[in-house]
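Number of protein chains: 4
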Amino acid sequence: MIAVLKPDATREQIDNLTAWFEKRGLNVQLSVGEISTVIGLIGDTSQIDVDLLEGLDIIESVKRITEPYKSANRKFHPDDTIVDIGGIKIGGGHFQLIAGPCSVESKDQIIGIAQSVKKSGATLLRGGAFKPRTSPYDFQGLKAEGIEFLLEAKELTGMPIVTEIMNTNHLPMFEQVDVIQVGARNMQNFEMLRELGKTDKPVLLKRGLANTITELLMSAEYIMAGGNKNVILCERGVRTFETQTRNTLDLSAVPILRELTHLPIVIDPSHATGIARVVKPMAMAAAAAGADGIMIEVHNDPVNALCDGAQSLTPEQFEDVAGMVRKIREVITA
Amino acid sequence: MIAVLKPDATREQIDNLTAWFEKRGLNVQLSVGEISTVIGLIGDTSQIDVDLLEGLDIIESVKRITEPYKSANRKFHPDDTIVDIGGIKIGGGHFQLIAGPCSVESKDQIIGIAQSVKKSGATLLRGGAFKPRTSPYDFQGLKAEGIEFLLEAKELTGMPIVTEIMNTNHLPMFEQVDVIQVGARNMQNFEMLRELGKTDKPVLLKRGLANTITELLMSAEYIMAGGNKNVILCERGVRTFETQTRNTLDLSAVPILRELTHLPIVIDPSHATGIARVVKPMAMAAAAAGADGIMIEVHNDPVNALCDGAQSLTPEQFEDVAGMVRKIREVITA
Amino acid sequence: MIAVLKPDATREQIDNLTAWFEKRGLNVQLSVGEISTVIGLIGDTSQIDVDLLEGLDIIESVKRITEPYKSANRKFHPDDTIVDIGGIKIGGGHFQLIAGPCSVESKDQIIGIAQSVKKSGATLLRGGAFKPRTSPYDFQGLKAEGIEFLLEAKELTGMPIVTEIMNTNHLPMFEQVDVIQVGARNMQNFEMLRELGKTDKPVLLKRGLANTITELLMSAEYIMAGGNKNVILCERGVRTFETQTRNTLDLSAVPILRELTHLPIVIDPSHATGIARVVKPMAMAAAAAGADGIMIEVHNDPVNALCDGAQSLTPEQFEDVAGMVRKIREVITA
Amino acid sequence: MIAVLKPDATREQIDNLTAWFEKRGLNVQLSVGEISTVIGLIGDTSQIDVDLLEGLDIIESVKRITEPYKSANRKFHPDDTIVDIGGIKIGGGHFQLIAGPCSVESKDQIIGIAQSVKKSGATLLRGGAFKPRTSPYDFQGLKAEGIEFLLEAKELTGMPIVTEIMNTNHLPMFEQVDVIQVGARNMQNFEMLRELGKTDKPVLLKRGLANTITELLMSAEYIMAGGNKNVILCERGVRTFETQTRNTLDLSAVPILRELTHLPIVIDPSHATGIARVVKPMAMAAAAAGADGIMIEVHNDPVNALCDGAQSLTPEQFEDVAGMVRKIREVITA
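Protein chains in written order, with our numbering: chain X, 1 to 334; chain Z, 1001 to 1334; chain H, 2001 to 2334; chain Y, 3001 to 3334.
This is the structure in structure tokens:
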């Protein structure tokens, strides 16, 4: 970490600051230049808060030169993490297609969709049992019953299941769930992350709507710091000024995350765009960009169901997308 | 709610859609125009998801004409809500200054600051016991002990206290806390909002970093839908591209919220800007804009403490700010 | 266009408003509902300013149901526009690779790069002669001399050239330029757009850093309204909070623009990301998303040249990217 | 400027880079640390492009420690700039109220408004003759005739006038205009800035909708680098995700700009919010935040005129606002 001091910093202020850093076990290198004095800090600076330092009167600016995340950092873990989900591997060259409805609506619905997407090539089944809704008056999901239906679909099809948690008090219900999803709005629910760090379940961590890649990795770090190394990152669109799509899918996150971290990277084009007919080109683009997995909403009857028609594909459309994604994968793995 | 249909919507599709709306108890008014067909929906449309409707193939666009929040809506509750915090009133013309340190660090610290800010005119004491931190390695607050110290400061000074909750499992510890703060990152932690709706404690709800005013009101609605009407809204800066300040304080939220809701509105210039020397002009501007309260970080020794030096005022600086805020209040209430 | 009136709008106000609309040649359909009165406007509403209407006291909200652009609108021009650039076609299934250095630095440099990228499959040559720079002290390009060098490269290689204009007073210098580029910062320089509308040169119009797709189309409309129909749209990244990449490439703009307009769509992954090693996956993703063209910065010696090393590929890297893009194109056109 | 090198930078690469910097007249201080090598650059680094440096393979990150603007920088010009506008001074403690209609519509209109706002305390008259409009089909202003009407209003009332330029080819028409306004969309029209730098007219430079404070100052620098020191900065709202207001007024720009630059700072609450009834609290807040001037839209008949009713005050409302602003000014200058 490097701190640039203001030109008018006094000797006494600099000494106080140096002492304060040293008390925290850091090695301080002072370099007095013509235009400004620069303090270099060597040691574990992950405990130092940049914002707070920058607020000090004598400090002009602060720059981290090592990332504040360690467990998630490729520098310290050069090999790709491969997460094993009930025998299905993701990361390190293993690519998976995750598909299923936005919400679990009934036993028949989820079983029907599971069988259909499996046939088209999906390897993991998604479906919401607990639904985060902006309005308290909106449908909040089938909850415990939804998880039961997912488990029945899993038993019938053999597909491991992915579903979202909204309260860690519900963890007992998730015992047989294969991947616990943390939604975008809970990406910085630090208490939740900490609790999930105590389990050994794979966690699919979605990037918040206005969060940076570094913040996503810091949230992964919360889970990993607790001992759970099975974290899968998921980009699902960020907020921009564009209104034609619900959010803006940030596909450059794939190559950037690939450099910064060893964790698998999944793309969710359905939530990112909110428009079924944009899902196909974006799924293909995600595959071309090198994602380790793509998560797509599929509904057996999107138009009549309405509840998630907007961004869901029909099983037929999903089959088409899955086929094209496979062809793109062939190109990039050739 | 108004839905504009695409020009190529078929009669059958329109009939299906109409039937679907009617099944949900809505009165449907169809108006077939030269360029497009418009569907007007009358009744309780708060259960209808705009995003989902907009995703349907036959729909061009959807527009709510009534807000999806009811309890928080000034249209249905024209009179200002006045929240009573242990005898201290906020809203409906009652203005309060909330002050205290970012984190509770020790008993002496919080008592010292409490006595000092009270003398300068603060009426509520703030202080963090549980601290949301981006990094799992950062100081996470004194937790239960921090709350005890706040309660001692309350007993000594008579000032009601405001402190943040991060997990509703901690609610028993907050029994004697006067105002429970929901941090910006938890604004859409719907499970937390729902739990707080079951209490009768005043809740200070902070706007998320990239959330709109409507989303803030929807989150207030979550709390109020549970029966707790004591919600205080807090604007604390939104994310923009500006990097000179930590966030950008959106002061126009004050007059806008004043129109849309009856709830009290507090401004937090310390977190919004992250820079102590910007707090004074922004606190004065907040008062001029008509805020019901201003929340300011004060630390007895910001420079040496470092832990929140960046945005904290010294007690002397706070006294100056409090005096100027009072003078601005005199102008606007004259 | 639909305007929803406030519940307290008086009869007289509504009559005044109706008269005002009718004076502008619009057919007004009034629909008085239980909760609100809705005004439907039929006719050419492109002259009506939504912002201004929304500011009126009696108006709750306004919604366009027809886009304010006509010439650029696919609804009125269902067939793809194919722009002919000196015999090289783009749009309507014709895909082109545009390559070249950020800045023209010397005759040798631009000729060398042109020959190299042509061999790798580029069909159009780009190079900056006039450079928009944030700082007045930065290198501003070779200007007229830069254009001469580009023309020499064109003569030698037969590649049509694309270069940016910063002042329409320079138009005489652009007489032999094949495609005039309008930079992101000039996307809403309406005087420039209007002047370019009077020429018949193909214009490559870059989306502004914080502009929406609709605003991009409105700027295209400025050019087309003047009579010049040869507009090529270019997505080059939008501003988001992410700092790992210079901007965030919005690839969903490709399928969205494909629906809204008949104009060709080019993606510029070099400027969008600002990082050479991210250009390859993003170029492949752009091809997978269905772009009509990809524009890539190539420099013969990026590391030593420094002036545009950050985002430029070497000729060898470009050859690799061009090959992969070709393979992706084969998949999507199969 | 400080550049942090990647851990795997080779000796040869470092030597090449050092040589490259030295060739540009910079003094290079190399500091080899345990975790990384840091290069400190002393000298005129304003010519070095941070983005480009950051793109080099061996560079981890770059940080400026001196701002890239000089003429606009308070460090080099500690005293406030006071711009003299036909005898009316702004900056350095001189506060001015600028008022007038969005567009000049007729001679009577502009004269009537001028006389009215002068009586209420406005000291400068604004009015648009050339109007930047998103749509080519919208009203584009009275142009030359609009300027003539403004000049007549100036002659009658003695108020200096402020009006926007959209094309520097129009400069001859602006000869008697007192302040030339550069609109938000032209903030980075560098050719325009450069031309205005050759005049000696006061320039009111509006911040772009998604531009940072540093970018605003860089644009001011363009004008000043040409020799014109009479630059007035204007904050008029930035784009955020909030939709209740047209843009979000960034009032913290006032204290931040006060530190960074010596130039006067004007706030435009009318364009920032787009809502007449929000203008009053925001004008008061701007005064409380310490602005040197406030620019407000006033129209004699906003409701019927429609063309700018949304954000314009009536003369009566303006008188009220002007009175409140005066009272706030009394508090802060006491």
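Note that CB positions come from ideal geometry on N, CA and C, so glycine has one too.
Between the alpha carbons of Arg3207(Y) and Asp301(X), how many angstroms are there, rounded? Here residue 3207(Y) is taken as the residue at index 207 of the fourth sequence, counted from 1. Here residue 301(X) is taken as the residue at index 301 of the first sequence, counted from 1. Cα to Cα, Arg3207(Y) sits roughly 49 Å from Asp301(X).
What does DSSP give as the partner residue(s) for Gln2109(H) in the beta ladder? Numbered from 1 along the third sequence, position 109 holds the residue referred to as residue 2109(H). Its beta-bridge partners do not exist; DSSP assigns none.
Measure the alpha-carbon distance for Met173(X) versus Ile147(X) and round it to whole angstroms. Position 173 of the first sequence holds residue 173(X). Position 147 of the first sequence holds residue 147(X). Rounded to whole angstroms, Met173(X) to Ile147(X) spans 8 Å at the Cα level.
Quick one: Cα of Cys2307(H) to Cα of Thr1261(Z), how far? Position 307 of the third sequence holds residue 2307(H). Position 261 of the second sequence holds residue 1261(Z). Since pLDDT at Cys2307(H) reaches only 47, below the 50 mark, its modelled position is unreliable, and no value is offered.
What three-state label does DSSP hand Ser103(X) in the structure shown? For this step, residue 103(X) is matched to residue 103 along the first sequence. In the structure shown, Ser103(X) sits in a strand (DSSP, three-state: E or B).
Listed in chain order, which residues of the segment 2176-2198 of chain H have Cβ atoms closer than 7 Å to some Cβ of chain Y? Arg2185, Asn2186, Gln2188, Asn2189, Phe2190 and Glu2191
Short CB-CB distance (under 8 Å) between Leu1306(Z) and chain Y: Here residue 1306(Z) refers to the residue found at position 306 of the second sequence. With a pLDDT of only 49 at Leu1306(Z), under the threshold of 50, the placement of this residue in the model should not be trusted; the figure read from the coordinates follows. No, Leu1306(Z) does not count as interfacial toward chain Y.
Going along the segment 197-213 of chain X in order, which residues come within less than 9 Å of chain Z, judged by CB to CB distance? Gly197, Gly208, Leu209, Ala210 and Asn211
Pairs of beta-carbons, one from the segment 2265-2284 of chain H and one from the segment 2075-2088 of chain H, closer than 8 Å: are there three or more? no
With 7 Å as the C-beta to C-beta threshold (strictly closer), list the residues of the segment 1247-1270 of chain Z near chain Y in chain order. Thr1248, Leu1249, Asp1250, Leu1251, Ser1252, Val1254, Pro1255 and Ile1256
For His2170(H), name the three-state secondary structure that DSSP assigns. Position 170 of the third sequence holds residue 2170(H). The answer is helix: DSSP assigns His2170(H) an H, G or I state.
For Gln54(X), which residues in chain Y fall below 9 Å Cβ to Cβ? For the purposes of this step, residue 54(X) is taken as residue 54 along the first sequence, with counting starting at 1. At residue 54(X) the sequence reads Glu, which differs from the Gln that was named. In chain order: nothing, as chain Y lies at least about 12 Å away.
Less than 8 Å between the C-beta atoms of Met284(X) and Cys234(X), yes or no? Your numbering for residue 284(X) matches position 284 in the first sequence. Your numbering for residue 234(X) matches position 234 in the first sequence. No, they are not a contact pair.
Run through DSSP, which three-state label would Ser3219(Y) get? Working through the fourth sequence from its first residue, we reach residue 3219(Y) at position 219. It is helical.
Assigned secondary structure, His1271(Z) (DSSP; H/G/I helix, E/B strand, else coil): The residue given as residue 1271(Z) occupies position 271 in the second sequence. His1271(Z) falls in the helix class under three-state DSSP.
From Ile1232(Z), Pro1269(Z) and Ile1002(Z), residue whose alpha carbon lies closest to that of Ala1072(Z): By one-based count along the second sequence, residue 1072(Z) stands at place 72. It is Ile1232(Z).
Suppose contacts are defined by Cβ-Cβ distances below 8 Å. Is Ile328(X) in contact with Ala288(X) by that definition? If you number the first sequence from 1, residue 328(X) lands on position 328. If you number the first sequence from 1, residue 288(X) lands on position 288. A contact, by the Cβ cut-off of 8 Å.
What residue from Val2162(H), Phe2190(H), Gly2183(H) and Gln2115(H) has the CA that sits closest to Asp3138(Y)'s CA? Residue mapping note: residue 3138(Y) aligns to position 138 of the fourth sequence, counting from 1. Asp3138(Y) has its Cα closest to that of Phe2190(H), out of Val2162(H), Phe2190(H), Gly2183(H) and Gln2115(H).
Of the residues Pro1160(Z), Val1182(Z) and Met1159(Z), which one's Cα is nearest the Cα of His1170(Z)? Counting from 1 along the second sequence, the entry for residue 1170(Z) is found at position 170. That would be Val1182(Z), whose Cα lies nearest to the Cα of His1170(Z).
So what does DSSP say about Val2177(H), is it helix, strand or coil? Along the third sequence, read from residue 1 onward, the residue named residue 2177(H) stands at position 177. Residue state, collapsed to three classes: coil.
Where does Ala3184(Y) sit, in a helix, a strand or coil, going by DSSP? As a position in the fourth sequence, residue 3184(Y) is number 184, starting the count at 1. Three-state result, Ala3184(Y): helix.
Return the Cβ separation of Pro2160(H) and Glu2297(H) in integer angstroms, given the expectation that the two are a contact with Cβ distance under 8 Å. Walking along the third sequence from the start, residue 2160(H) turns up at place 160. Walking along the third sequence from the start, residue 2297(H) turns up at place 297. Actually they do not touch by this definition, with Cβ atoms about 18 Å apart.
In chain H, which residues lie less than 7 Å from Phe1318(Z) when you measure between Cβ atoms? Residue 1318(Z) sits at position 318 when you count from the first residue of the second sequence. Here the premise fails: no neighbours, minimum Cβ distance about 31 Å.
Please confirm whether Leu3205(Y) and Met3187(Y) have their CB atoms less than 8 Å apart. In the fourth sequence, the residue the question calls residue 3205(Y) occupies position 205. In the fourth sequence, the residue the question calls residue 3187(Y) occupies position 187. The answer is yes: Cβ separation under 8 Å.
Does the Cβ-Cβ distance between Ile1180(Z) and Leu1193(Z) come in under 8 Å? Within the second sequence, numbered from 1, the residue matching residue 1180(Z) stands at position 180. Within the second sequence, numbered from 1, the residue matching residue 1193(Z) stands at position 193. Taking 8 Å as the Cβ cut-off, Ile1180(Z) and Leu1193(Z) do not qualify as a contacting pair.
Which residue wins for smallest C-alpha separation from Gly1274(Z), given the options Arg1258(Z), Leu1263(Z) and Ser1312(Z)? Here residue 1274(Z) is taken as the residue at index 274 of the second sequence, counted from 1. For Gly1274(Z), the nearest C-alpha among the options comes from Ser1312(Z).
Beta-ladder partner(s) of Ala3003(Y), from DSSP: The sequence position of residue 3003(Y) within the fourth sequence is 3, counting from 1. DSSP, once it has assigned bridges, lists Ile3039(Y) and Val3062(Y) as partnering Ala3003(Y).
Have a look at the DSSP bridge pairing and note the partners of Ile1294(Z). Reading the second sequence from its first residue, position 294 is the one you call residue 1294(Z). Bridge partners of Ile1294(Z): Leu1097(Z) and Ile1267(Z).
Do Pro2269(H) and Ser2116(H) have their C-beta atoms within less than 8 Å of each other? Within the third sequence, numbered from 1, the residue matching residue 2269(H) stands at position 269. Within the third sequence, numbered from 1, the residue matching residue 2116(H) stands at position 116. Not a contact, by the Cβ cut-off of 8 Å.
At a Cβ threshold of 8 Å, is Pro3281(Y) touching chain Z? Within the fourth sequence, numbered from 1, the residue matching residue 3281(Y) stands at position 281. Taking Cβ atoms only, chain Z reaches closer than 8 Å to Pro3281(Y), which makes this a yes.
Does Asp1049(Z) have its Cβ less than 8 Å from a Cβ in chain X? Taking the second sequence and counting its residues from 1, the one referred to as residue 1049(Z) is at position 49. Chain X contact via Cβ: present.
Alpha helix (DSSP H) containing Asp2051(H): first to last residue? On the third sequence, residue 2051(H) is found 51 positions in, with the first residue counted as 1. Val2050 to Gly2055 is the extent of the alpha helix (DSSP H) around Asp2051(H).
Beta-carbon of Phe241(X) versus every beta-carbon of chain H: anything under 8 Å? Looking up residue 241(X) in the first sequence gives position 241. Chain H contact via Cβ: present.
What is the DSSP secondary structure of Asn3016(Y), reduced to helix, strand or coil? To locate residue 3016(Y), count along the fourth sequence from 1; it is residue 16. Reduced to three states, the DSSP call for Asn3016(Y) is helix.
Of all Cβ atoms in chain Y, is any one closer than 8 Å to the Cβ of Met2173(H)? To locate residue 2173(H), count along the third sequence from 1; it is residue 173. Met2173(H) does not count as touching chain Y.
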